Every structure is written in structure tokens, then in C-alpha cells.
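Input: a single structure, listed below in C-alpha cells.
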Amino acid sequence: NAGVTQTPKFQVLKTGQSMTLQCAQDMNHEYMSWYRQDPGMGLRLIHYSVGAGITDQGEVPNGYNVSRSTTEDFPLRLLSAAPSQTSVYFCASSPGRGYTFGSGTRLTVV
Amino acid sequence: KNQVEQSPQSLIILEGKNCTLQCNYTVSPFSNLRWYKQDTGRGPVSLTIMTFSENTKSNGRYTATLDADTKQSSLHITASQLSDSASYICVVSAGGTYKYIFGTGTRLKVLA
Numbered sequence: 069n070a071g072v073t074q075t076p077k078f079q080v081l082k083t084g085q086s087m088t089l090q091c092a093q094d095m096n097h098e099y100m101s102w103y104r105q106d107p108g109m110g111l112r113l114i115h116y117s118v119g120a121g122i123t124d125q126g127e128v129p130n131g132y133n134v135s136r137s138t139t140e141d142f143p144l145r146l147l148s149a150a151p152s153q154t155s156v157y158f159c160a161s162s163p164g165r166g167y168t169f170g171s172g173t174r175l176t177v178v
Numbered sequence: 120k121n122q123v124e125q126s127p128q129s130l131i132i133l134e135g136k137n138c139t140l141q142c143n144y145t146v147s148p149f150s151n152l153r154w155y156k157q158d159t160g161r162g163p164v165s166l167t168i169m170t171f172s173e174n175t176k177s178n179g180r181y182t183a184t185l186d187a188d189t190k191q192s193s194l195h196i197t198a199s200q201l202s203d204s205a206s207y208i209c210v211v212s213a214g215g216t217y218k219y220i221f222g223t224g225t226r227l228k229v230l231a
């Protein structure tokens with residue numbers, strides 16, 4: 069049972085580039101979400117999904133897109149990377165109570 | 120505004136000593152409160168969860184308390200070990216939703 073798997077673990081992008089952070093879970097959880105973690109701040113919700121085909125915005129959605137075509141996968145797309153998007157990104161899934169987090173993706177935008 | 124505040128921001132203790140971390144929240148309606156442990160470079164891992172009616176919850180050497188009247192929680196670590204060095208995050212869930220409010224965490228370092 070792998071839990072929540074995020075790839076890549078590290079990424080460096082140039083300003084303006086686009087990329088997709090991958091997230092997959094094998095626990096059949098309906099709820100999945102993406103957070104970013106910045107120094108001195110709590111985790112902030114970017115986007116979330118309550119099931120396949122359903123997504124919604126969180127607290128800081130600008131500059132990011134998501135889709136949920138299957139229960140297992142919830143990719144996060146950066147449309148045009150900006151230095152302000154330098155952060156650690158966590159994907160999490162939940163059966164309804166409590167999260168299982170992935171190990172994170174450290175993204176640097178230069 | 121829903122907020123979760125944790126104190127202290129950082130703490131250094133010697134191995135074998137006890138410590139207590141604090142969490143104050145202003146989240147309404149309240150559903151539950153969790154404490155997570157986050158090791159450096161890893162995702163947070165759940166330690167305890169408490170609902171409105173629960174005052175104390177233990178997980179090994181970790182004991183969480185909740186006072187729903189004063190909207191305060193604490194995490195007590197007994198007989199600390201080097202492996203307890205991590206950030207501890209308090210997370211409060213607003214009732215009826217998937218809305219989770221994260222504290223900024225307490226960074227604990229345990230020295231030999």
C-alpha cells in the first residue's frame with residue numbers, strides 16, 4: 069500500500085515555464101487536495117476535489133489548474149511559473165476524516 | 120476570521136525531558152482538532168484527533184488535551200527522544216466541510 073505518491077520530489081523551473089506535479093493515491097479516497105507550505109505560514113489550500121470529475125478552488129488557486137479524471141490521480145498544473153510559486157507542495161487524500169499526505173515536491177522558480 | 124495559533128514557534132529540549140506545545144484556535148463551527156508531526160523533508164503524519172466531546176487523547180508518549188470552552192489544545196510529549204525532533208502542526212476542522220485550518224507549527228529540537 070503506497071498511500072499518496074508525489075512526483076517529482078524536486079524541480080527547478082524558469083519563470084514562464086509550465087509543468088505538472090503528479091499525485092496518485094491507492095486508498096480509494098474520494099477527497100484529494102493540494103497544499104503549499106511556505107516558511108512561517110501554515111499549509112494553504114490551493115485546489116481540492118471531492119470525487120472524480122469534481123474540483124474546486126481553495127485559498128490560493130491563482131496560477132494553478134487541476135483536474136480529476138480518476139479517483140486515483142489529481143495532478144496540479146502550473147500554467148506559467150512565477151518566483152512567487154517557489155514553495156513545497158503537498159498532495160493529500162482523505163476518506164472523510166483526516167489526511168494522508170504525500171512526501172512533497174520542492175519547487176524552485178528562478 | 121478562522122485562525123489557529125501555535126506557541127512556541129520553536130523549542131529546544133534535552134533528551135528525556137518532557138515538553139508541552141500549545142494551540143489556540145478561533146474556528147467556528149468546530150468539528151475536530153488534530154495534531155500532526157512533520158519530519159524535515161516529509162509530509163505531515165497524524166498523531167491524534169479529538170472531537171468536541173473529547174478532553175484527552177494519547178498516542179504512545181504523545182498526549183493531546185482539548186478545552187473546547189477556551190478553544191485551547193496542548194500536545195504533551197513525555198520522555199522525549201531524538202526522533203521527536205520535528206515540526207508539530209495543529210489543525211482544526213470547521214464543522215460539516217473539508218475546511219481545515221492549519222497552524223504554522225512548533226519546531227521542536229531534541230538534543231542528546
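If you read the protein sequences in the order shown, they are chains A and B. Residues in the first sequence are numbered consecutively from 69, following our numbering. Residues in the second sequence are numbered consecutively from 120, following our numbering. Every residue, glycine too, gets a C-beta built ideally from N, C-alpha and C. Bear in mind that the values here come from a model prediction, so they are computed numbers and not experimental data.
Below 6 Å CB to CB, which residues in the same chain sit around residue i once its five sequence neighbours on both sides are set aside?
i               : result
L133 of chain B : L230
E124 of chain B : N143
Q191 of chain B : N143
N121 of chain B : V146, I220
Report yes or no: is there a C-beta of chain A within less than 8 Å of the C-beta of residue i?
i               : result
T184 of chain B : no
G162 of chain B : yes
R180 of chain B : no
V123 of chain B : yes
F221 of chain B : yes
R226 of chain B : no
S129 of chain B : no
Y207 of chain B : no
S165 of chain B : yes
Can you check which of these residues, the options, is closest to residue i by C-alpha distance?
i               : options                        : result
S155 of chain A : A:T168, A:R112, A:F142, A:G84  : A:R112
T123 of chain A : A:G84, A:M109, A:S101          : A:S101
S179 of chain B : B:T189, B:K190, B:I168, B:T197 : It is Gly, not Ser, that sits at residue 179 of chain B in the sequence shown. Among B:T189, B:K190, B:I168, B:T197, the Cα nearest to that of G179 of chain B is on B:T197.
E98 of chain A  : A:T88, A:L175, A:R165          : A:R165
N133 of chain A : A:S86, A:D106, A:N96, A:V118   : A:S86
Y217 of chain B : A:V118, A:T88, A:D106          : A:V118
Y207 of chain B : B:I220, B:G214, B:L166         : B:L166
N130 of chain A : A:E140, A:D141, A:R145, A:T138 : A:R145
K156 of chain B : B:G214, B:H195, B:S212         : B:H195
Would you tell me roughly how many angstroms separate the C-alpha atoms of residue i and residue j, rounded to the nearest one?
i               : j               : result
A187 of chain B : S193 of chain B : 12 Å
C209 of chain B : G160 of chain B : 18 Å
P76 of chain A  : T189 of chain B : 42 Å
R104 of chain A : G172 of chain A : 9 Å
Y181 of chain B : L152 of chain B : 15 Å
M169 of chain B : P143 of chain A : 31 Å
K184 of chain B : T145 of chain B : Per the sequence shown, residue 184 of chain B should be read as Thr rather than Lys. Whole-angstrom Cα-Cα distance: 16 Å.
T88 of chain A  : F78 of chain A  : 12 Å
G222 of chain B : S212 of chain B : 11 Å
Could you pull out every residue in the same chain whose Cβ sits closer than 7 Å to the Cβ of residue i, ignoring the five residues on either side in sequence?
i               : result
V177 of chain A : L81, T83, A149, A150, P151, Q153, T154
Q125 of chain A : H115
V72 of chain A  : C91, Q93, C159, A160, S161, T168, F169, G170
P127 of chain B : T225
A70 of chain A  : D94
G121 of chain A : R136
F171 of chain B : F149, A187
K136 of chain B : S199
V106 of chain A : Looking at the sequence itself, residue 106 of chain A is Asp, so the reference to Val does not match. Contacts found: S155.
Would you say residue i reaches chain B, if we count a Cβ-Cβ gap shorter than 8 Å as a contact?
i               : result
G172 of chain A : yes
F78 of chain A  : no
G119 of chain A : no
L111 of chain A : yes
F169 of chain A : yes
G131 of chain A : no
F158 of chain A : yes
G84 of chain A  : no
Once the 5 residues before and after residue i are set aside, which same chain residues still bring their CB inside 8 Å of it?
i               : result
L130 of chain B : C138, L140, T225, R226, L227, K228
Comparing the C-beta of residue i with each C-beta of chain C, is any distance below 8 Å?
i               : result
Y217 of chain B : In the displayed structure, chain C is absent; the protein chains listed are A and B.
The region 168 to 176 of chain B touching the region 197 to 208 of chain B, judged by at least three CB pairs closer than 8 Å: no
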